[in-house]
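See below for the structure under consideration.
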Amino acid sequence: MTSVNRTAAAPWDRIEGKIQPWHRDRLAVVYVRQSTPQQVLDHAESTRLQYGLTQRAVDLGWAASRVLVIDEDLGHSASGVVERAGFQRLVSEVGLDHVGLVLGMEMSRLARSGREWHQLLELCALSGALLADPDGVYDPAEHNDRMLLGLKGTISEAELHLIKQRMWNGRIGKARRGELAVPLPVGYLRRPDGQVVRDPDQQVQAVVHLVFDLFDELATINAVLRFLVDHGIQIGIRVREGPERGTLAWRRPSRIVIQNMLRHPAYAGVYVYGRSRTDPRRRLAGRPFTGRVRRPPEDWLVYLPDVLPAYISAERHDRNLARIEANRARSQSMGALRDGPALLVGLIFCGRCDTRMVVHYQRGQGRKLWPKYECSRVKADYGGELCQQLSGICVDRYVTGLLLAAMAPAALEVSLQAAEQAQHRREEVDQIWQQRLERAGYAADRARRQYQLAEPENRLVVRELEKEWEHALAERRRLGEEYDRFIAARPRILTVAECDQIRALAADLPAVWQAPTTTDADRKQLTRHLIERVTVTVVGDSERVTVQVTWAGGHRTTGELVRPVARLDQLSYFPRLAARARELAEAGHSAPAIAKILNSEGFRPPKRREHFGTQGVRTLLQELGCVSQQEQALRRGAAPLGRHEWWLTDLARELGMPRVTLFGWIKRDWVTAHQLTDQRRSWTIHADPAEVERLRQLHQQSRGHRPRQAWLDHQQATIIRNEEGNHGDDVEPHV
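Residue numbers (numbering that gives the first Met the number 0): 0 to 734.
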């Protein structure tokens, strides 16, 4: 291409012609915007526009072979180049250095916003490309043309805003009359006249009713999904787009479908619009339907009750929403039913700070889980201490006793209702299976009729119809075999033995409660039906716990239980126990005899033990500082202790700590100790008053203080070593 000095001519020298020869040596790009391929079929005006713009380029002096047509949103171009949107496609795919002229119906339609429009003008000015529309040819490098193009862009952007605003007002007005066609959920159908009705297919309606009934019974979306999958039930969905639009397709159930059914107000007869909005920041590239954010109900644009045919009542819909919200794992809600033996998850509250308590599990022997309820809000949020904690077994056992006692008078009635409910559920599932079999039989009969109506000589058609008939028969046979297996596992009608078993179990509710077939989720679900709240308060640090049970309906039951504690001094009756143990020891009773006397008088040890044993009594006497007769005899035969020397038992009593803990300190070399050569290999500890005070403070520190302090000391030592090393690097070497 011949080099041209474009800056030599003054502006008034180019008034007669803006198109120079070197412009025609480049490409002429014809830009046409069409949103979907369907517009090409339905709107022939765009095709005529494309032809007119192409002819316009030829009239301006471009050869037809140098004209490139771009359809913006169709994903293709006349040259086969895959295109994007607006001026970005011109820059990235074509390159403005190879373009001499860009033609469009309206210049501002080359870009979607003012920022893109002015960026296009700048690029065209730098590359020397011209812009043209039916009104004329513009050179972005000239001030007058650039100002005119900027004005056109501003006016076009304002027009676009007005058009969108008018369309939005019309859409809202139609929605407020309940006439705007919005996507319908499962179980609804829109007639050609626009009226919304229930899906005329009975199987579709039966599945919708079953989903709502199951949620009332099972209370969680996951449980409903498992039931549908276990019983082979599918959900009928009307295809919304494509060549099979409007046809009924049966899909396997999914969590999102069930959740949408339970949340959608249409099932309660409510027409709504504006339940969500689009957040551009959350949109994903290439996915135009992403970025939607749910609005709260008070921000919905349209809410018209009693407009659509309802499957459930508005009150039932509100209960479902409340149940879904309560199933969320948050501190403000009970949460969904989960695995684990803790009975009162989500129901138990702290009586001190009125905070919902959480559950933690510890594994015991045989991998069994032991629940423990904790009020840990202050600890988790503010780094404080636990408000209170207690074993879950004792609370669950106490509440279980109240539950069984409350249900005992209505046991027979409950058994009859349970049998009726089980029978009704089986009939619902069997009805859906019968409808599936009927549908499969209709499909096979229809395929047979089509085969028989075809001309036998037309083998091209008959062979295909014969294959469809055989496929329909095979599907009908497969479905029948699957139904037979289902009925064999779950009979449609409760047998006499099953009914008798239900009545027998009603007379023995504890057996039903403890039965292996009764899952933890079943127990929790029943508890939540009958109890609204359980408030527990530990009396001080003792084993006594006050419990207040708030039943469904508002009635309250107050009682007290005993929890297991870790130490003897936590027992509320420890002063009486200590005094009685000292009295018996001073009277010369042996440890087995003392244990028998304490048990007969009603004293109980801490933790989960029911009775004192010999070793437990010995531990008690040691913690009380009572020296046994055997140890007294050994002391009389031993050499006198030196200055600041202590017997192990005496120092433990002085420090107010268990003897076994002090013995552990000896093994860790935390104290200075000496082992004697007597028969019991007794220990003596050297501790002056300062050492005694140090040991007392060490015992009073929290259990986690020593590991944390050791870690801090290690970190501090590491910092000091690093600083010393850095200082050493800074010292100049001695020469």
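Every residue, glycine too, gets a C-beta built ideally from N, C-alpha and C. This structure is a prediction, so every number in the text was calculated from the model and none was measured.
- For the beta strand (DSSP E) assignment, the uninterrupted runs of no fewer than 3 residues enclosed by the region 219–280 are, from N- to C-terminal side, 234–237, 247–250, 270–272 and 275–277.
- Taking a C-beta distance under 8 Å as the contact criterion, Trp-550 and Glu-531 qualify as a contact pair.
- Exposure of Asn-168 is indicated by the presence of fewer than 16 other C-beta atoms within 10 angstroms of its C-beta.
- In this structure, the alpha-carbon of Arg-47 lies about 45 Å from that of Arg-197.
- For Tyr-397, the closest alpha carbon among the candidates His-554, Val-535 and Leu-452 is that of Val-535.
- Note that the C-beta distance between Leu-161 and His-97 is not below 8 Å.
- The bridge partners DSSP lists for Tyr-302 are Val-271.
- In this structure, the straight-line span from the alpha carbon of Val-670 to that of Asp-540 is close to 30 Å.
- Looking from the CA of Glu-427, the closest CA among Tyr-50, Cys-123 and Val-210 belongs to Val-210.
- The C-beta distance from Leu-654 to Thr-526 rounds to 46 Å, too long to fall under 8 Å, and the pair is not in contact.
- Sequence-distant Cβ neighbours of Ala-63 in its own chain, meaning closer than 7 Å and more than five residues away, are Val-57.
- Assignment of Arg-327 by DSSP, reduced to helix, strand and coil, places it in the coil class.
- For Arg-276 and Asp-200, the gap between their C-alpha atoms comes out near 33 Å.
- For Cys-374, the secondary structure class from DSSP, reduced to helix, strand or coil, is strand.
- For the 8 Å CB-CB criterion, Arg-543 and Ser-589 do not form a contact.
- In the three-state DSSP reduction, Gln-194 falls in the coil class, being neither helix nor strand.
- In this structure, Val-206 lies near Ile-232, with their beta-carbon atoms less than 8 Å apart.
- Membership of Leu-122 in the alpha helix (DSSP H) is indicated by the continuous run 113–126.
- The shortest C-alpha to C-alpha distance from Gly-113 to any of Gly-149, Ala-140 and Gly-587 is the one to Gly-149.
- Leu-567 and Gln-258 have their C-alpha atoms some 52 Å from each other.
- Taking C-beta separations shorter than 7 Å and ignoring five residues to either side along the sequence, the partners of Leu-403 in its chain run Leu-508, Pro-509 and Trp-512, following chain order.
- Within 10 angstroms of the beta-carbon of Asn-143 lie fewer than 16 other beta-carbons, which makes it exposed.
- If you draw a straight line from the Cα of Asp-278 to the Cα of Arg-254, it is about 24 Å long.
- Here Tyr-270 has Gly-177, Leu-303, Val-306 and Leu-307 as same chain residues with Cβ atoms under 6 Å from its own Cβ, once five neighbours each way along the sequence are excluded.
- For Asp-132, the beta-bridge partners assigned by DSSP are Gly-135.
- DSSP places Gly-552 outside any alpha helix (DSSP H), giving it a letter other than H or E.
- Contact between Val-101 and Val-185 fails: their C-beta atoms lie close to 49 Å from each other, not under 8 Å.
- The C-beta separation of Leu-368 from Gly-339 comes to about 7 Å, placing the pair in contact by the 8 Å criterion.
- Under the three-state reduction of DSSP output, Ile-684 falls in the strand class.
- The continuous alpha helix (DSSP H) containing Ser-599 extends over residues 590–599.
- Val-461 and Asp-229 have their C-alpha atoms spaced approximately 39 Å apart.
- Inclusion of Gln-204 and Arg-438 in the CB contact set at 8 Å is not warranted, their separation being larger than that value.
- Rounded to the nearest whole angstrom, the C-alpha separation of Gly-127 and Gly-16 is 14 Å.
- Between the region 285–295 and the region 215–228, the count of C-beta pairs closer than 8 Å stays below three; the two stretches do not touch.
- Going by DSSP, Ala-586 is part of no beta strand (DSSP E) at all; its letter is neither H nor E.
- For Cys-349, the pairing in a beta bridge is given by DSSP as Val-535.
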